[in-house]
Amino acid sequence: MRELLVEYAAGTLDPAQRGEVEAHLAACADCSAELAGWAGLAAAATREPAEPPPGPELVYRVMVRSALSEPAPADRPPTRLSLALVVAEARLLRLPVLVASALVMALAVAMVATRTAAADGWAGDVLAMVAPVVAAIGISGVYGPQRDPAFEVVAATPTTVRLILLVRIALVFGYDLALALAASGAVTVAGADAAGIPALVVAWLGPMALLSALCVLLVVWVGPDIAIGVALALWSLRVLAGSSVFADVTGLVDFFRAVWSTNPATGSATAALLLTAVVLAGRGEPVRHVRATHPV
Amino acid sequence: MRPLLLWRYEVRRAGWAAVLAPPLVAAIVVLLAVVDAADGADQRGTVIRNLFAALEMGLPLVAGIGAASLVGRDPAAELQLTVPTPYRATLLRRLAVVVGWTALVALLIAAVLLVIDGWADRPQAHGAVVGQLVWLAPTLWLAAVGFLAGAVFRGPAAAGGLVAVLWMIEQILTEAVQQHQWSRLLYLFATSQGTVPADWTGNRLTLVATAIVLGIAAWLLLGGTERLVRGEAG
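Protein chains in written order, with this note's numbering: chain Y, 269 to 564; chain E, 9 to 242.
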């Protein structure tokens with residue numbers, strides 16, 4: 269009987285059922301009480317509202333107020349570096365890239381450690397060839413709409429793009445620096461190089477910083493694919509210049525050794541490239557080269 | 009679409025970098041010979057040495073990185089997956105464009121070497137006919153590695169990086185590679201950097217055979233279209 273109460277309150281039952289319900293209501297206090305509730309609801313639903321609900325004029329007022337009022341000020345200065353920012357950016361680093369970097373460095377250590385009767389400085393040469401390219405490829409993925417799915421959202425937040433770029437560079441380069449230091453320590457402990465850790469660090473630090481800074485600039489300027497391409501091309505030439513094929517091209521070998529070494533000139537060039545990249549980073553997004561076809 | 013139009017489209021899609029890289033590499037290596045000759049070195053000998061280096065070292069690296077960049081940088085990948093032609097067939101055609109253009113430049117350099125009698129100057133290159141394996145074997149091997157790495161990582165950065173690191177390791181480990189038969193068979197620079205003379209033909213054929221195996225693995229992996237639209241690994 270209870271299932272008929274809603275229709276009885278709405279007045280949609282046929283006369284026979286209506287009679288049955290009324291007979292039951294006369295003897296059942298529970299159903300009478302429930303019917304009172306349904307009847308109140310039906311009356312409210314059919315009653316005309318005293319005034320129409322807020323409509324277009326409310327939307328209009330909200331839009332006018334939104335257009336005329338200033339946005340709420342940020343809770344903190346937008347350029348402030350915080351631990352929370354560093355932790356948040358660290359979570360965005362790609363695990364496969366970190367693992368691949370560690371594996372390549374481990375391979376370099378294994379190459380050096382298993383080599384018997386190597387010439388003096390060979391361990392430094394190997395680390396100086398491997399560490400820069402590992403850092404350059406890692407650092408090429410830190411910035412830009414092609415690699416960062418939230419790039420446009422990040423660009424709209426109070427935290428500046430420059431600060432985010434610097435934090436990411438520090439994280440990736442710091443990780444690769446730690447890997448290269450660990451590799452130098454492992455090579456020294458294994459007795460593969462008598463020169464000691466400081467000499468090994470001097471062999472790879474300058475080239476690693478210079479190639480990474482060049483990649484940062486190219487990533488900000490033209491995007492990651494071209495940055496990686498240029499880094500690989502330059503480094504292949506560096507490796508070729510050190511191979512036996514070009515051993516007698518002394519001018520070329522000397523030139524490459526001077527450019528890819530740790531000295532004040534390469535340090536200054538690194539700082540200049542990095543500074544230029546940070547300045548460019550605040551001036552918009554990288555040039556978009558991605559298209560379905562390329563005119564030839 | 010008519011076949012010729014299709015291939016023209018693929019050449020256009022490859023872009024300036026892919027078209028310019030092989031001749032640019034050859035030009036840089038020849039320029040090095042000119043710089044070297046200015047130091048008083050034997051100019052003809054240096055040019056021949058550098059042209060062989062371009063054939064065996066430079067062009068294969070370009071082909072490998074070009075092949076590695078085929079997967080993961082296609083803005084129309086999802087559209088490609090909706091057309092009747094399997095996407096891996098399209099990728100294979102693009103691989104053919106990359107390797108084919110590199111091969112054309114390599115044949116041009118080989119012709120120059122023939123004109124200046126360079127093949128006779130380098131007996132370890134086995135003459136102008138069999139000697140085409142000087143560039144063909146490492147080019148196919150690095151291109152297959154790049155293609156497979158692209159299929160695995162679904163991004164040009166990691167795949168190109170792997171090709172470059174392998175190339176560099178083989179450059180650095182020249183002496184260590186010569187100590188074992190298996191590593192001599194997989195050595196990319198057996199003509200320029202030297203190997204046991206009896207191993208040269210076996211080395212070239214091993215590289216070609218493993219390139220075919222790697223290419224088949226890449227073909228099978230690229231059949232999983234769901235993986236391709238998932239974006240770069242990681």
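The beta carbon of each residue, even a glycine, is placed where N, CA and C say it ideally should be.
In whole angstroms, what separates the C-alpha of residue i from that of residue j?
i        : j        : result
E:Leu12  : E:Glu18  : 10 Å
E:Ile180 : Y:Ala539 : 30 Å
Y:Pro283 : Y:Ser334 : 58 Å
Y:Val558 : Y:Ser408 : Unreliable positioning characterises Y:Val558 in this predicted model, as indicated by a pLDDT of 49, which lies under 50. The coordinate reading is nonetheless provided below. Each residue's Cα considered, the two are about 17 Å apart.
Y:Val289 : Y:Glu316 : 29 Å
E:Thr90  : E:Leu230 : 15 Å
E:Trp127 : E:Ala136 : 6 Å
Y:Leu542 : E:Gln201 : 38 Å
Y:Ala501 : Y:Thr382 : 29 Å
Y:Val455 : Y:Leu366 : 21 Å
E:Pro92  : Y:Gly323 : 51 Å
Y:Asn531 : E:Val27  : 37 Å
E:Ala71  : E:Leu122 : 23 Å
E:Pro146 : Y:Glu420 : 42 Å
Y:Thr561 : E:Gly80  : For Y:Thr561, the pLDDT reaches just 48, beneath the cut-off of 50, and the residue's location in the model is therefore unreliable, leaving the point undetermined.
Y:Ser337 : Y:Tyr328 : 14 Å
Y:Ala545 : Y:Ala448 : 24 Å
Y:Val564 : E:Arg20  : Confidence in Y:Val564 is poor, its pLDDT being 39 and thus under 50, which makes the residue's placement unreliable; the coordinate value appears in the next sentence. So the alpha carbons of these two residues sit roughly 6 Å apart.
Y:Asp393 : Y:Ala471 : 7 Å
Y:Met460 : E:Glu178 : Strictly speaking, residue 460 of chain Y in this sequence is Ala, with Met absent from that position. One C-alpha to the other measures close to 20 Å.
Y:Met397 : Y:Ser504 : 10 Å
E:Val138 : E:Val113 : 18 Å
Y:Ala458 : E:Leu39  : 42 Å
E:Trp109 : E:Arg102 : 11 Å
Y:Leu508 : Y:Ser350 : 44 Å
Y:Gly497 : Y:Trp489 : 14 Å
Could you tell me which of the options sits nearest to residue i, measuring between CA atoms?
i        : options                                : result
E:Ile36  : E:Trp24, E:Ala22, E:Arg21, E:Leu63     : E:Leu63
Y:Ala352 : Y:Glu275, Y:Met397, Y:Ile432, Y:Leu273 : Y:Ile432
Y:Ser452 : Y:Gly550, Y:Leu375, Y:Ala297           : Y:Leu375
E:Gln187 : E:Thr199, E:Leu99, E:Thr203, E:Gly66   : E:Thr203
E:Gly154 : E:Gly139, E:Trp143, E:Ala133, E:Ala172 : E:Ala172
Y:Ile579 : Y:Ser480, Y:Leu447, Y:Val470           : It is not possible to answer for residue 579 of chain Y, since the shown part of chain Y is limited to 269 through 564.
Y:Ser511 : E:Arg235, E:Glu183, E:Ala226           : E:Glu183
E:Leu115 : E:Leu103, E:Trp143, E:Trp227, E:Ala167 : E:Trp143
Y:Ala424 : Y:Gly287, Y:Gly550, Y:Ala501           : Y:Gly550
E:Ala6   : E:Gly223, E:Arg52, E:Leu196            : Within the shown structure, residues of chain E are numbered from 9 to 242, placing residue 6 of chain E beyond reach of any answer.
E:Ala22  : E:Trp175, E:Gly74, E:Leu59             : E:Gly74
E:Ser191 : E:Val27, E:Leu170, E:Phe161, E:Thr214  : E:Thr214
E:Ala167 : E:Ala145, E:Tyr195, E:Ala226, E:Leu194 : E:Ala226
Y:Ala446 : Y:Leu548, Y:Ala370, Y:Val398           : Y:Ala370
E:Arg130 : E:Arg52, E:Gln189, E:Leu196            : E:Arg52
E:Ala151 : E:Thr209, E:Thr54, E:Leu196            : E:Leu196
Y:Arg359 : Y:Val332, Y:Ala297, Y:Val401, Y:Val435 : Y:Val435
E:Pro162 : Y:Pro364, Y:Glu325, Y:Val377, Y:Thr518 : According to the sequence as given, residue 162 of chain E is Arg; it is not Pro. Selected option, being the one with the closest Cα: Y:Pro364.
Y:Arg430 : Y:Cys299, Y:Thr314, Y:Asp416, Y:Val547 : Y:Val547
E:Gly169 : Y:Leu361, Y:Arg506, Y:Ala499, Y:Ala533 : Y:Ala499
Y:Ala378 : Y:Tyr411, Y:Ala450, Y:Cys483           : Y:Ala450
E:Val160 : E:Thr233, E:Leu14, E:Asp50, E:Leu69    : E:Thr233
Which whole-angstrom value describes the C-beta separation of residue i and residue j, a residue pair presumed to lie in contact below a C-beta threshold of 8 Å?
i        : j        : result
Y:Ala278 : Y:Ala310 : 5 Å
Y:Ser529 : Y:Pro475 : 7 Å
E:Thr199 : E:Ala133 : 5 Å
Y:Ala391 : Y:Val380 : 4 Å
E:Leu78  : E:Pro30  : Their Cβ separation, rounded to whole angstroms, is 16 Å, which puts E:Leu78 and E:Pro30 out of contact at 8 Å.
E:Ala34  : E:Ile117 : 6 Å
So with CB distances below 8 Å, who are the chain Y contacts of residue i?
i        : result
E:Arg130 : Simply none; closest approach about 13 Å.
E:Leu116 : Those within 8 Å of E:Leu116 in chain Y number zero; the least Cβ separation is about 19 Å.
E:Leu181 : Met379
So which residues on chain E does residue i lean against when the C-beta distance must stay under 8 Å?
i        : result
Y:Asp493 : Ser77, Arg81, Pro164, Ala165
Y:Ile236 : Since the first and last residues shown for chain Y are 269 and 564, residue 236 of chain Y lies out of range.
So with CB distances below 7 Å, who are the chain Y contacts of residue i?
i      : result
E:Leu6 : With chain E represented from 9 up to 242, any question about residue 6 of chain E goes unanswered, as that position is not in the structure.
Going along chain Y in order, which residues have a C-beta closer than 9 Å to the C-beta of residue i?
i        : result
E:Gly158 : Per Cβ cutoff of 9 Å: no residues; E:Gly158 is ~13 Å from chain Y at best.
Give the interface partners of residue i over in chain E, defined as CB-CB distance under 9 Å, in chain order.
i        : result
Y:Ile407 : Ordered by position in chain E, no residue passes the 9 Å Cβ test against Y:Ile407, which lies about 11 Å from the chain.
Would you mind telling me which residues of chain E sit closer than 7 Å to residue i, beta carbon to beta carbon, in chain order?
i        : result
Y:Ser452 : Within chain E, no residue comes near Y:Ser452; the closest Cβ sits about 17 Å away, beyond 7 Å.
Task: Contiguous alpha helix (DSSP H) assignments of at least 4 residues, all confined to the region 455 to 542 of chain Y - done: 465 to 490, 492 to 510, 518 to 527
Task: Completely contained alpha helix (DSSP H) runs for the region 83 to 128 of chain E, where each covers 4 or more residues - done: 85 to 88, 95 to 123
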